[in-house]
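Taken in sequence, the protein lines are chains V and Y. Note that the first sequence ends on residue 707 in the working numbering; no numbers are left out. Note that the second sequence ends on residue 1414 in the working numbering; no numbers are left out. Written out below as structure tokens is the structure these notes cover.
2 protein chains.
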Amino acid sequence: MDKTAIGAVLAAVKAQGRTSLTAPEAKAVCDACAIAVPREGLATSAKQAAAIAGEIGYPVVMKIVSPQILHKTEAGGVITNLTKAADVRKAYQTIISNAKAYAPNATIHGVQVQQMVRGAHEVIVGAVTDPSFGKLAAFGLGGVLVEVHKDVAFRLAPTPHQEALAMINGIGAAQILRGVRGAPPADQEALAALICKVSQLVDEFAEISEVDLNPVFAGPEGAVAADVRIIVDPDPPAPPVRPSQTEILAAMNRIMRPDSVAVIGASAEDGKIGNSVMRNLIDGGYRGEIYPIHPRLEEVLGKKAYRSVKDIAGPVDVAVFAIPARAVAAALAECGEKRVAGAVLIPSGFAETGNRDLQDEVVAVARRYNIRLMGPNIYGFYYTPKNLCATFCTPYDVKGKVALSSQSGGVGMAIVGFSRSAKMGVSAIVGLGNKSDIDEDDLLTFFEQDDNTQAIAMHFEDLKDGRAFAETAARVAKKKPVVVLKAGRTASGARAARSHTAALAGDDRVYDDILHQAGVVRARSLNDLLQFARCLPMLPTPRGENVVIITGAGGSGVLLADACTDWRLQLMAMPPDLDEAFKKFIPPFGASGNPVDITGGEPPATYRNTIALGLQDARIHALVLGYWHTIITPPMVFARLVSEVVEEYRARGVDKPVVASLVGDVEVEEASRYLFDHNIPAYPYTTELPVAVLGAKYQWARRAGLI
Amino acid sequence: MDKTAIGAVLAAVKAQGRTSLTAPEAKAVCDACAIAVPREGLATSAKQAAAIAGEIGYPVVMKIVSPQILHKTEAGGVITNLTKAADVRKAYQTIISNAKAYAPNATIHGVQVQQMVRGAHEVIVGAVTDPSFGKLAAFGLGGVLVEVHKDVAFRLAPTPHQEALAMINGIGAAQILRGVRGAPPADQEALAALICKVSQLVDEFAEISEVDLNPVFAGPEGAVAADVRIIVDPDPPAPPVRPSQTEILAAMNRIMRPDSVAVIGASAEDGKIGNSVMRNLIDGGYRGEIYPIHPRLEEVLGKKAYRSVKDIAGPVDVAVFAIPARAVAAALAECGEKRVAGAVLIPSGFAETGNRDLQDEVVAVARRYNIRLMGPNIYGFYYTPKNLCATFCTPYDVKGKVALSSQSGGVGMAIVGFSRSAKMGVSAIVGLGNKSDIDEDDLLTFFEQDDNTQAIAMHFEDLKDGRAFAETAARVAKKKPVVVLKAGRTASGARAARSHTAALAGDDRVYDDILHQAGVVRARSLNDLLQFARCLPMLPTPRGENVVIITGAGGSGVLLADACTDWRLQLMAMPPDLDEAFKKFIPPFGASGNPVDITGGEPPATYRNTIALGLQDARIHALVLGYWHTIITPPMVFARLVSEVVEEYRARGVDKPVVASLVGDVEVEEASRYLFDHNIPAYPYTTELPVAVLGAKYQWARRAGLI
């Protein structure tokens, strides 16, 4: 990339106070990036246009050149497929008069005469600046249909070649580019290279806010950008401040696993938040030091009280705030002097009620003393390995392998209630609220190295620094599943967009693509988030794609297969020898193949034998069980035999994901609970949910490169 | 429509043993239907081609004419946009040599020279023959993208004008046809008229199996079919036999509400199916006559037994069969002589195990005696208003307003278990199994006039006579919600297709469109089917589209709004006066607008006042409540106040749909149950489900024309 040349163009644009490049300027930038553009010339008369066309060779396309006319087609400023000189001359006049009618005051530099590339697909390659994720590369099909289908892919810029290829193959209409009905395929390598170049350009030059190569003609022998639009922002937003991973980790370890906790605003009075926090710390069984801070009392709930954190003799890792918003800044400064690592700001009354100044003041104090802030406007957090309930909610003590966080208190309470009801083992539950400081990427950095956490589930409405999240998640998700519920996904706000690419960058599509790029599993609903959190640490990682359904009810089998297709799970094509092996166990009118339909009237042995075979055969990587309630194999008999046979094979070192759907009378509820207690996800009255949790595990394992 | 002319063309095709029409034949059919086609002529030399083009006017398109070459583009047999005589002459030679290379043995009739319509959208209008639904009209955008996106709409033929318009506006890319980026809009009325004509053509002529108008050029001034392909089936399938609605009703009323039931194979022996059926009839509280049939016993479970139904003195409405498959036909003949209305065939061992002959034999006996058959291979059925449990499963006695049916026994057991667990009031639960005779449309006809049924929920894998179902459902769904879970939706089988339109007619898209046309709500999962069945009769019909969310948790509000968008519910734009009225009840930092965020720390009065306002104001048509567990308003307090205020307004004649999402600790589960007991759908730990059930009610009400 010839950075000097690009810099010179941008400097000239800036000097003239413009925010977009003319076509010749854009071409100069393309040349500097080695982006192929068609042969072309600028004509200022009909005669000259014909002469240029003669040099370039027919057919040509002609386009108005005017800094004021951005949407050329709408202005009648584009005529394509001109095959002879007479047509070119006529087109020149038409374009000029159209442009004058469209924008009477526009400065017209002339008409661009450009080589047309035939036999190629029209695509869009571009780049946008996202408020949360920063510079993004974009790719989509050209033409009007792309606007209707919004079939565009996004990735963080700079974009690696492999991800660029994934973008090309990730759009809904990807098949088109592979060649349909005899059309030649596009050169995907050349297209990917073009995406990479554009992504590098916007990454390198912060002031380039939008790029639109539209259309790009992508044929079997390369890709040519036929029209280029580049928008600059003379004053681009500064990238957010980021502590290093080491700094984050040092602070988060002290906050999440503190040896001492101060409660600012501890209270002896029932019903007060400062009382609930004290009780939860004590009743939860936290074994570190608990220091109540109170202006007058000598003791709170049997613990010696202090006027200020500064009066405490030993070190203090974390301070939980249970005082009114207006008193937070002063108390926080004292924490700063005491070198407290983190402040858990339960109080509300900050940005969420419009009081942004107060929040900014608190953040400034924290920055001054290098204290990390959780909240404000939160329920607090739980970290079960330390029996730590730093919250005014109820204690929670079922230890387990999943860490959850929520931006909103309501969702946090749903997490606590669901966890308790489902007996879900958690390592941590964290409320992030206003996210004035600590956010999801800080938590990810902590959970990544926390041996008590094997999976992470997060609810959020926005990301303060989407890029930091994506980069951290991409690293963490390689080791531990990260599930996300992004709320507000359908109410995507309109954004000011000057380029075509930017207009296509709806919030949700961007989140979807970037989360996918980061290897994050996206839950589509609150209940899915909770169920995935519950099941992902329970399910072993599959070793391959072959899923087999074993069912006692043919009808369930069909529904389970539907769900597998929805989740892109691969129903194994049953090898003949394995088919024969299954057939030995099932009645002659049962169906082997996949689903294996053992039929409804079978005894426990048939379930046991077929499931054992499914576990034993190394070609099968995961089992979906469909149980049908009968007198011959009652629900609890099924539940026991399944957990036994799975346990038996686990003991032999064979640990495959097994999920179950149970249909029948109410006894199937108890049987499902029993299976869950034995680490087998099992659900009554639904064929979708067991497959969804398996699907989520697969989605993660594939992106993490484990299968 | 000139039926004589069309008949003559078809007769000629049949006489020559062909199954497709040549282009001139197809044109003749179009002329007879007043379907506009471009000006054209057939050239057999390059010179003649140029002469024809001169007459027609430029530009022209040229196409090979050969009965053996169906995919002309693939054969290199189409050249478009020819603008002068020299090009036409050259194109003639190219097309002929391409065609000879593609299909050396093909008979080549010449090259068609055809007027090109400019400035128009390319669309496809067609018709196909579906094995279940019969003749269907199809509509989609032309070009290669349609194949990739499968963006096509289907309706039963003949298609009314309104439905044809709905097809045009129902495709994903409908926006294109309304004019995008300065392109002129298509004449939708002309396009709809074209769809209607094609649909009438295939409806009138059974032997026309596929029609493909592709492309149709649809411009602002009409639609012209540029290429026409018509496929005939000389021996079209006969339409299925259908009893009249009166006959169906007479039989179904006797079967579902019998005054007397015979049990063929009644048994005194525990564990036998014939024993379970007897017990369920007696223990269920059925008050009609129960006649056990047994070869030897004098009495079964205290009821006088008979050797044969023929020995019974009084009339017998229905006979439940609990004997082996092979014995069914003979016993059924006796039922026939006794003029039994219906036989409930519990036994398996028929078509589902490959024994189709035995099933055909039983069906033949039933036809001979005019007995309707339920099953075989079913659990039986329940009809609670008569306390009738004609099944070997357990009795079910919670009476209510929803009737459910399932094709599979497994799903049937899920219905029974879920119903019991959720205390769901049902009028009927019916197993249809192999559907040798009685199927979904018979049930719909019965439930339509059954005052005990207010909503109908059905699971099926296929429809024996999809057209009968669609026609009956279209009538019934105007009065009572019909919800369907179509299983096997993703495993759409490949079908032999000779036309482009037919290749696009994936099973599931056809089901989706036709069920929508019939006004049926389609559940996407087993659990949705069950939840919709539970809630639809509980929710009053909304009087308009304005939905308001009232929430104590801002985070839930965002998720509830997401779910509303997913279900196409319209969040009311809050009028300023109403906004002010809400503001009076909520804290200054709460958010009015929609969602109304009352904030989490509020007392019961705030929930009560805002909900009352929502019920009172006539501009609001439905409420979605988001509850957040706090000490100030505990879950049960919320549940009681909501049911009270809803009840209060119901007493005043204001009955709006109200649904609730509860997040919090485990007490929200009890509160949700309480609300359900008071006819308010309420769910813990999910923001999606309460909105989904409201969305399903809206979907139904809109299609039924009630809002």
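The beta-carbon is built from N, C-alpha and C at its ideal position, and this holds for glycine as well.
In this structure, the straight-line span from the alpha carbon of V923 of chain Y to that of A733 of chain Y is close to 14 Å. Of all alpha-carbon atoms in V:I231, V:A103, V:K464, V:E440, the one lying nearest the alpha-carbon of A457 of chain V is that of V:E440. Per DSSP, G412 of chain V is one residue of the alpha helix (DSSP H) stretching across 409–422.
Only buried fits R254 of chain V, as 16 or more other CB atoms lie within 10 angstroms of its CB. In the three-state reduction of the DSSP assignment, W628 of chain V falls in the strand class, which pools E and B. Within 9 Å of the CB of Q200 of chain V, no CB atom of chain Y is found; the nearest one sits about 30 Å away. Taken through DSSP and simplified to helix, strand or coil, L444 of chain V comes out as helix. Listed as beta-bridge partners of H1166 of chain Y by DSSP are Y:S1113, Y:L1192.
Residue environment: N1141 of chain Y is assigned as buried (16 or more neighbouring CB atoms within 10 Å of its CB, all protein chains considered). Within the region 1028–1095 of chain Y, the complete alpha helix (DSSP H) runs of at least 4 residues fall at 1035–1044, 1063–1076. Listed by position along chain Y, the residues whose Cβ is nearer than 8 Å to that of V211 of chain V form an empty set, because the closest Cβ is around 20 Å away. The beta carbon of A930 of chain Y lies closer than 6 Å to those of A897, L898, L901, V923 in the same chain, with the five residues before and after it left out. Using beta-carbon distances, D942 of chain Y does not count as an interface residue toward chain V, since no partner is under 8 Å.
For M1343 of chain Y, the enclosing alpha helix (DSSP H) starts and ends at 1342–1358. Here the region 83–93 of chain V makes no contact with the region 13–30 of chain V; the two share fewer than three CB pairs at distances below 8 Å.
For D397 of chain V and N387 of chain V, the gap between their C-alpha atoms comes out near 7 Å. Take M959 of chain Y, set aside five residues on each side of it, and the residues of its chain with a beta-carbon closer than 7 Å to its own are D1149, T1152, F1153, in chain order. Residues are counted here when their Cβ sits less than 9 Å from a Cβ of chain Y; for the region 329–353 of chain V these are S348, G349, E352, T353, given in chain order. By the Cβ test, the region 1111–1129 of chain Y is in contact with the region 1230–1238 of chain Y, since at least three Cβ pairs between them sit closer than 8 Å. In chain V, no part has a C-beta under 9 Å from the C-beta of Q1277 of chain Y; the shortest such distance is about 13 Å. When C-beta distances to chain V are compared with 7 Å, the residues of the region 1241–1271 of chain Y below that value are A1260, G1261, G1262, S1263, V1265, L1266, A1268, D1269, in chain order.
DSSP lists Y:E829, Y:V931 as the bridge partner or partners of F924 of chain Y. Interface criterion not met: the Cβ of S967 of chain Y is under 8 Å from no Cβ in chain V.
As DSSP reads the structure, T686 of chain V sits in no beta bridge.
Closer than 8 Å to the CB of P684 of chain V there is at least one CB belonging to chain Y. Annotation for P1283 of chain Y: the continuous alpha helix (DSSP H) segment containing it runs 1283–1290. Between the region 156–167 of chain V and the region 128–139 of chain V there are three or more C-beta pairs closer than 8 Å, enough to call the two in contact.
Taking the CA atoms as reference points, G1061 of chain Y sits about 12 Å from N1084 of chain Y. Taking P634 of chain V as reference, the option from V:E647, V:V113, V:E667 with the minimal CA-CA separation is V:E667. Residues of chain V whose Cβ lies closer than 8 Å to the Cβ of G714 of chain Y do not exist, since the nearest Cβ in that chain is about 35 Å away. Put simply, the CB of W567 of chain V is far from chain Y, with every gap to its CB atoms at 8 Å or more. Following the DSSP letters along the chain, one finds F1239 of chain Y inside the alpha helix (DSSP H) bounded by residues 1233–1242. For A268 of chain V, the closest alpha carbon among the candidates V:P295, V:P243, V:G653, V:A329 is that of V:P295. Taking a Cβ-Cβ threshold of 8 Å, none of the residues of chain Y is close to I598 of chain V; the smallest such distance is about 12 Å.
Residue pairing of E40 of chain V in beta bridges, as defined by DSSP: V:Q114.
Put simply, the backbone Cα of L641 of chain V is about 14 Å away from that of G626 of chain V.
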